[in-house]
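Novice: Chains as they are written, first to last, in my numbering: chain W, 71 to 184; chain H, 61 to 176.
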Amino acid sequence: DGGITQSPKYLFRKEGQNVTLSCEQNLNHDAMYWYRQDPGQGLRLIYYSQIVNDFQKGDIAEGYSVSREKKESFPLTVTSAQKNPTAFYLCASSMIYGADYEQYFGPGTRLTVT
Amino acid sequence: AQKITQTQPGMFVQEKEAVTLDCTYDTSDQSYGLFWYKQPSSGEMIFLIYQGSYDEQNATEGRYSLNFQKARKSANLVISASQLGDSAMYFCAMREEEGATNKLIFGTGTLLAVQP
Numbered sequence: 071d072g073g074i075t076q077s078p079k080y081l082f083r084k085e086g087q088n089v090t091l092s093c094e095q096n097l098n099h100d101a102m103y104w105y106r107q108d109p110g111q112g113l114r115l116i117y118y119s120q121i122v123n124d125f126q127k128g129d130i131a132e133g134y135s136v137s138r139e140k141k142e143s144f145p146l147t148v149t150s151a152q153k154n155p156t157a158f159y160l161c162a163s164s165m166i167y168g169a170d171y172e173q174y175f176g177p178g179t180r181l182t183v184t
Numbered sequence: 061a062q063k064i065t066q067t068q069p070g071m072f073v074q075e076k077e078a079v080t081l082d083c084t085y086d087t088s089d090q091s092y093g094l095f096w097y098k099q100p101s102s103g104e105m106i107f108l109i110y111q112g113s114y115d116e117q118n119a120t121e122g123r124y125s126l127n128f129q130k131a132r133k134s135a136n137l138v139i140s141a142s143q144l145g146d147s148a149m150y151f152c153a154m155r156e157e158e159g160a161t162n163k164l165i166f167g168t169g170t171l172l173a174v175q176p
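(1) Please tell me whether E121 of chain H has its Cβ less than 9 Å away from any Cβ of chain W.
(2) If you compare alpha carbons, which of H:Q111, H:M105 and H:Q62 is closest to E121 of chain H?
(3) Which partner residues of Y171 of chain W appear in the DSSP bridge assignment?
(4) Taking buried to mean at least 16 other C-beta atoms within 10 Å of its own C-beta, is I121 of chain W buried or exposed?
(5) Using the Cα positions of L137 of chain H and G86 of chain W, report the straight-line distance between them to the nearest angstrom.
(6) So, does the CB of L113 of chain W fall closer than 9 Å to a CB anywhere in chain H?
(7) So which residues of chain W does S102 of chain H contact, with C-beta pairs closer than 8 Å?
(8) Considering only their Cβ atoms, is the gap separating T65 of chain H from G169 of chain H smaller than 9 Å?
(9) Based on Cα-Cα distance, which residue from W:Q152, W:S119, W:D108 and W:L146 lies nearest to E132 of chain W?
(10) I'd like to know whether the C-beta of N162 of chain H is nearer than 9 Å to at least one C-beta of chain W.
(11) Of all the options H:V73, H:V79, H:T67 and H:K63, which has the alpha carbon lying nearest to the alpha carbon of Y85 of chain H?
(12) Could you check whether the Cβ of I74 of chain W sits closer than 8 Å to any heavy atom belonging to the ligand FAD?
(13) Is the CB-CB distance between T147 of chain W and T184 of chain W below 9 Å?
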């Protein structure tokens, strides 16, 4: 079955530690995205990538980093510089050309930093 | 700047009745796309329906239809014959045209509760 996997579903970290969230897709999609969701708010774009070895900052990239070494994978690192890292993180992918294609989402990772 | 507004934080509907979830948008682009997603309590975002700005007919997908009024810049989601499983958060989103990146801008969502 094609889809997007994110692991783990729940993640707990101590303040000051970097943490990496995994995102893998087998849909052969060119583009991948990371969103953050806080209670009572919609999704906000952190980073996106349209092609391997290239990515762009979204609206709230500060304190985050990404890599795109393979088409299938787009891991997100939440660094200690992120002031409020506790949130729900969603990864998505889509076709890119034609731009009418919907984004497919993974199940999300709920990160708690104490 | 492009913006999506969902003014209904929460809605109640009786099972088997229809419900309309409001969405207004702001953009200066002539070409854009509008999406609706459903987010159950499990957290995953599920694509429901898409409307292109140049589509003359309102989009429909099963029990979902999009009431697209371009002049009013509204893209309301209509769910017919509500089911208990429709209880979830619903997000309206707009696709940015800049750079053809397929980036989406989301509204703050509407929490729908279907009552038996």
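Backbone N, C-alpha and C fix where the C-beta goes; we use that ideal spot for every residue, glycine too.
Specialist: The relevant details are as follows:
(1) Residue 121 of chain H sits at position 61 when you count from the first residue of the second sequence. By this cut-off, E121 of chain H is not an interface position.
(2) Looking up residue 121 of chain H in the second sequence gives position 61. Of the listed residues, the one whose Cα sits closest to E121 of chain H is H:Q111.
(3) Counting from 1 along the first sequence, the entry for residue 171 of chain W is found at position 101. Y171 of chain W is not bridged to any residue.
(4) Numbered from its first residue, the first sequence carries residue 121 of chain W at position 51. Its Cβ having fewer than 16 others within 10 Å, I121 of chain W is exposed.
(5) If you number the second sequence from 1, residue 137 of chain H lands on position 77. If you number the first sequence from 1, residue 86 of chain W lands on position 16. In a straight line, the C-alpha of L137 of chain H is about 43 Å away from that of G86 of chain W.
(6) Against the first sequence, residue 113 of chain W aligns to sequence position 43. It does; some Cβ of chain H falls within 9 Å.
(7) Taking the second sequence and counting its residues from 1, one reaches residue 102 of chain H at position 42. Those are P177, listed as they occur along chain W.
(8) Residue 169 of chain H sits at position 109 when you count from the first residue of the second sequence. Residue 65 of chain H sits at position 5 when you count from the first residue of the second sequence. Not a contact, by the Cβ cut-off of 9 Å.
(9) The residue you call residue 132 of chain W lines up with position 62 of the first sequence. Of the listed residues, the one whose Cα sits closest to E132 of chain W is W:Q152.
(10) As a first step, residue 162 of chain H must be located in the second sequence, where it is residue number 102. N162 of chain H has a beta carbon lying within less than 9 Å of a beta carbon in chain W.
(11) Against the second sequence, residue 85 of chain H aligns to sequence position 25. Ranking the options by Cα distance to Y85 of chain H, first place goes to H:K63.
(12) Although the ligand FAD was asked about, the structure shown includes no ligands whatsoever.
(13) For the purposes of this step, residue 147 of chain W is taken as the residue at position 77 of the first sequence. For the purposes of this step, residue 184 of chain W is taken as the residue at position 114 of the first sequence. Cβ distance not < 9 Å, so T147 of chain W and T184 of chain W don't count as in contact.
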